[in-house]
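To start, the structure itself, in structure tokens.
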Amino acid sequence: MKVFQSRHRGLLVLALVLALLPLVLPNAFYLDVAIRIALNAIVVIALNLLMGYTGQISLGHAGFYGLGAYASAALTTHFNWPPLAALAAGALATGLLAWALARPVLKLKGHTLAMATLGLGIIISIVINNETRWTGGPDGMPVPSFALAGITVEGETSWYVVAAVLLLLMTWLALNLIDSPVGRALQAIHGSEIAARVAGVDTTRFKVRVFVLSAVVASIAGSVSAHYIGFITPGMAGFFHSIELVTMVVVGGMASVFGSIIGAALLTILPQLLQAFEGWEVVVFGVILMGTMIFLPKGLVPSIAQRLRARRK
Amino acid sequence: MLTIEHLSKSFGGVHAVQDVSFAVRAGTIHSVIGPNGAGKTTLFNLVSGIYAPTSGRIILKGENVAGMAPDALARRGLSRTFQNLQVCMNMTAIDNVMVGAHLGLNQNLFASMLRLPAVRRRDAECRLEAARLMDFVGVGQYKDADASQMPYGALKRLEIARALAAEPKILLLDEPAAGLNHTETGQIEELIRKVAQSGVTVLLVEHDMKLVMNLSDQLLVLDYGKMLAVGTAAEVRANPDVIAAYLGAPA
């Protein structure tokens with residue numbers, strides 16, 4: 001019953017924050033940051049379902065994000081596909097690719113998925129860089145704006161509404177999943193794979209499913225981001241972006257949906273704030289991350305929640 | 001219920017279980033005893049599908065299940081607990097028990113994500129049943145606790161609750177009294193008896209002789225992977241080979 005209540009309370013708080021935020025933010029620059037945070041948070045929540053809840057590490061999620069982005073860009077630009085169809089095609093292709101990779105890899109034990117996704121991410125990145133005709137290569141390519149049924153999404157305010165609604169939807173889906181038979185099976189795989197199997201959980205199948213799910217979400221978020229930003233470069237599919245996503249999960253808190261949002265927010269804002277350090281921002285950034293992991297080893301949200309609970313007692 | 005025929009398992013040159021045969025009748029408590037390293041846990045891991053046997057057959061309700069995966073065995077009504085606890089410390093106590101009921105619940109990813117009414121209703125029933133099982137095994141006070149906050153003795157019982165949540169026909173208990181004090185052992189004995197009375201066949205590995213002798217309908221004694229004796233508690237106690245193995249007296 002406690003879980004039931006806290007789930008709805010959390011969603012309500014998130015909805016209120018998202019609704020009130022535009023009233024507080026002074027100008028379009030901040031709104032832009034908020035949109036980027038929301039779109040990142042969607043990917044991070046999906047990655048957290050895989051990493052934090054199921055205990056499987058992906059070092060190639062930016063590859064899936066990039067696939068979605070480039071599928072949208074290439075199909076709308078070169079073939080005049082409607083944006084929604086391009087988004088769906090990108091998500092479908094990403095899902096199939098993730099499934100084809102995960103089926104053989106996840107039958108093996110250990111951190112094989114981390115290595116396989118690392119490789120796949122690098123391959124995707126290389127293909128995007130080399131297929132200049134379709135992707136613009138290292139120079140990147142422009143993406144037309146998103147239009148559906150004659151309505152074009154334009155301007156920060158409309159995009160903010162889209163991003164906020166998508167984030168709320170993702171949060172709701174993720175919270176539902178965690179507190180469900182499938183969600184418990186995933187967490188049991190993390191806690192004790194052997195216990196999960198003895199309880200009848202087909203562990204390989206569930207690992208594959210959650211991996212495909214998180215890859216597809218990353219692809220959709222990539223498509224939406226591409227339309228929002230309007231110009232994409234191979235960096236968004238690169239290894240460093242994958243690491244950035246993993247860092248957002250870990251800093252915000254493994255196995256915490258709201259932690260994913262906080263992690264995405266912090267790591268999106270921090271580099272902007274640290275520009276004052278001129279050249280030293282990467283060092284300061286590193287120190288902050290190290291400090292978080294030393295003093296709040298479970299990540300921001302779970303560690304703080306634990307302290308609050310301890311104090312109440 | 002369960003018949004083991006000429007079961008063997010070797011790890012390289014080590015013959016952990018050699019040519020073991022026995023039968024467990026439905027509704028009884030059957031114990032496996034033997035000195036350390038006798039192959040009891042290996043035998044359990046074979047029966048529960050963690051290891052595949054080198055040779056031999058395991059017949060569960062008329063079907064040869066040797067080499068089947070644990071989740072396939074779970075579907076056939078076999079459940080177990082572990083000597084070294086396998087509780088999911090990342091979850092709450094009651095969620096651990098609910099994992100045991102996995103096979104009886106909706107396993108569709110989308111139904112779960114959308115929290116369809118049927119899923120929600122069945123999940124609520126499952127939570128009530130899990131709470132009832134926690135009371136049954138005597139860990140009712142931890143219903144709101146995280147598994148990581150529970151003491152060792154309670155975790156052992158929580159594992160039994162999780163195994164029972166699967167509504168097994170046969171339950172394998174791997175040293176349920178290990179690490180427990182005298183009082184706790186007595187309580188576990190009561191619990192195992194209650195489980196057996198509820199109609200679940202029990203296969204038990206245990207070092208505590210008093211517990212084993214009190215509970216078992218049939219005993220199997222292993223030594224160095226081989227069968228030393230089979231019979232009732234009285235028969236086994238009187239067997240000179242068993243006495244020799246346990247006391248080290250010259251045979």
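So the sequence lines, in the order shown, correspond to chains E and A.
Under my numbering, the first residue of the first sequence carries the number 1, and numbering increases by one thereafter.
Under my numbering, the first residue of the second sequence carries the number 1, and numbering increases by one thereafter.
Every residue gets a Cβ at the ideal spot worked out from N, C-alpha and C, and that includes glycine.
Fair warning: this is a prediction, and the values are worked out from it, not measured in the lab.
If we define contact as Cβ-Cβ less than 8 Å, is residue i a contact residue for chain E?
{"i": "A:Gly100", "result": "yes"}
{"i": "A:Gln83", "result": "no"}
{"i": "A:Val119", "result": "yes"}
{"i": "A:Arg25", "result": "no"}
{"i": "A:Ala38", "result": "no"}
{"i": "A:Leu105", "result": "yes"}
{"i": "A:Ser21", "result": "no"}
{"i": "A:Met213", "result": "no"}
{"i": "A:Leu155", "result": "no"}
{"i": "A:Gln86", "result": "yes"}
{"i": "A:Pro70", "result": "yes"}
{"i": "A:Leu114", "result": "yes"}
{"i": "A:Ala166", "result": "yes"}
{"i": "A:Ile50", "result": "yes"}
{"i": "A:Arg80", "result": "yes"}
{"i": "A:Met91", "result": "yes"}
{"i": "A:Leu203", "result": "no"}
{"i": "A:Asp135", "result": "no"}
{"i": "A:Leu109", "result": "yes"}
Between which residues of its own chain and residue i is the CB-CB distance below 7 Å, once the five residues before and five after are set aside?
{"i": "A:Ala154", "result": "Val139 and Tyr142"}
{"i": "E:Val251", "result": "Gly263, Leu266, Leu267, Leu289, Thr292, Gly299 and Leu300"}
{"i": "E:Lys107", "result": "Thr204"}
{"i": "E:Ala163", "result": "Ile35, Ala38 and Leu39"}
{"i": "E:Gly121", "result": "Leu59, Gly60, Ala62, Gly63, Phe239 and Ser242"}
{"i": "A:Arg25", "result": "Met1"}
Between which two residues does the beta strand (DSSP E) harbouring residue i extend?
{"i": "A:Ala16", "result": "Val14 to Val24"}
{"i": "A:Arg115", "result": "Here A:Arg115 belongs to no beta strand (DSSP E), and DSSP marks it neither H nor E."}
{"i": "A:Lys9", "result": "Leu2 to Phe11"}
{"i": "A:Ile170", "result": "Ile170 to Asp174"}
Under the DSSP definition of a beta bridge, which residues are partnered with residue i?
{"i": "A:Gly231", "result": "A:Leu219"}
{"i": "A:His30", "result": "A:Leu203 and A:Gln218"}
{"i": "E:Ala147", "result": "E:Thr152"}
{"i": "A:Lys226", "result": "A:Asp223"}
{"i": "A:Asp144", "result": "DSSP, once it has assigned bridges, lists no residue as partnering A:Asp144."}
{"i": "E:Met141", "result": "E:Ile232"}
Within 8 Å of any Cβ in chain A, is that where the Cβ of residue i sits?
{"i": "E:Met173", "result": "One point to set straight first is that residue 173 of chain E is Leu, not Met, in the sequence displayed. E:Leu173 counts as touching chain A."}
{"i": "E:Ile294", "result": "no"}
{"i": "E:Asn130", "result": "no"}
{"i": "E:Ile243", "result": "no"}
{"i": "E:Val201", "result": "yes"}
{"i": "E:Gly191", "result": "yes"}
{"i": "E:Asn48", "result": "no"}
{"i": "E:Lys2", "result": "Annotation note: pLDDT 46 at E:Lys2 (below 50); position unreliable, coordinate value reported separately. For E:Lys2, the answer is yes, since a Cβ of chain A falls inside 8 Å of its Cβ."}
{"i": "E:Leu106", "result": "no"}
Can you find the residues in the same chain that come closer than 8 Å, C-beta to C-beta, to residue i, ignoring five residues on each side of it along the sequence?
{"i": "E:Leu16", "result": "none"}
{"i": "A:Tyr51", "result": "Lys9, Thr42 and Asn45"}
{"i": "E:Gly140", "result": "Phe231, Ile232, Thr233 and Pro234"}
{"i": "A:Val212", "result": "Ser31, Ile33, Leu204, Glu206, Leu219 and Ala233"}
Considering residue i, what are the terminal residues of the alpha helix (DSSP H) in which it resides?
{"i": "A:Lys194", "result": "His182 to Gln197"}
{"i": "E:Ser242", "result": "Phe239 to Gly252"}
{"i": "E:Ile57", "result": "E:Ile57 -> no alpha helix (DSSP H), and no H or E assigned at all."}
{"i": "E:Thr135", "result": "Thr132 to Thr135"}
{"i": "A:Leu158", "result": "Tyr152 to Ala165"}
{"i": "A:Pro35", "result": "Careful: A:Pro35 lies outside any alpha helix (DSSP H) and carries neither H nor E."}
{"i": "E:Asn48", "result": "Ala28 to Asn48"}
{"i": "A:Ala177", "result": "Unbroken run through A:Ala177: none, as it is neither H nor E."}
{"i": "A:Asp241", "result": "Pro240 to Leu247"}
Excluding the 5 residues flanking residue i on each side, which residues of the same chain have their C-beta closer than 6 Å to its C-beta?
{"i": "A:Lys169", "result": "Gly77"}
{"i": "A:Leu164", "result": "Leu133"}
{"i": "E:Met248", "result": "Val44, Gly263, Ala264 and Leu267"}
{"i": "A:Asp146", "result": "Thr92"}
{"i": "E:Gln187", "result": "Tyr53"}
Going by the C-beta, is residue i closer than 7 Å to any heavy atom of the ligand MG?
{"i": "E:Ala86", "result": "As presented, the structure is devoid of all ligands, the ligand MG included, so that no description of it is given."}
* Hey, which unbroken runs of the alpha helix (DSSP H) at 4 residues or more fall wholly within the segment 61-130 of chain E? -> 61-79, 83-105 and 112-130
* Continuous alpha helix (DSSP H) assignments of at least 4 residues falling wholly in the segment 40-99 of chain A -> 40-47 and 70-75
* What are the uninterrupted segments assigned as beta strand (DSSP E) that are 3 or more residues long and contained completely in the segment 245-299 of chain E, given in chain order? -> none
* To do: Mind listing, in chain order, the continuous beta strand (DSSP E) runs of no fewer than 3 residues lying wholly within the segment 167-227 of chain E?
  => none
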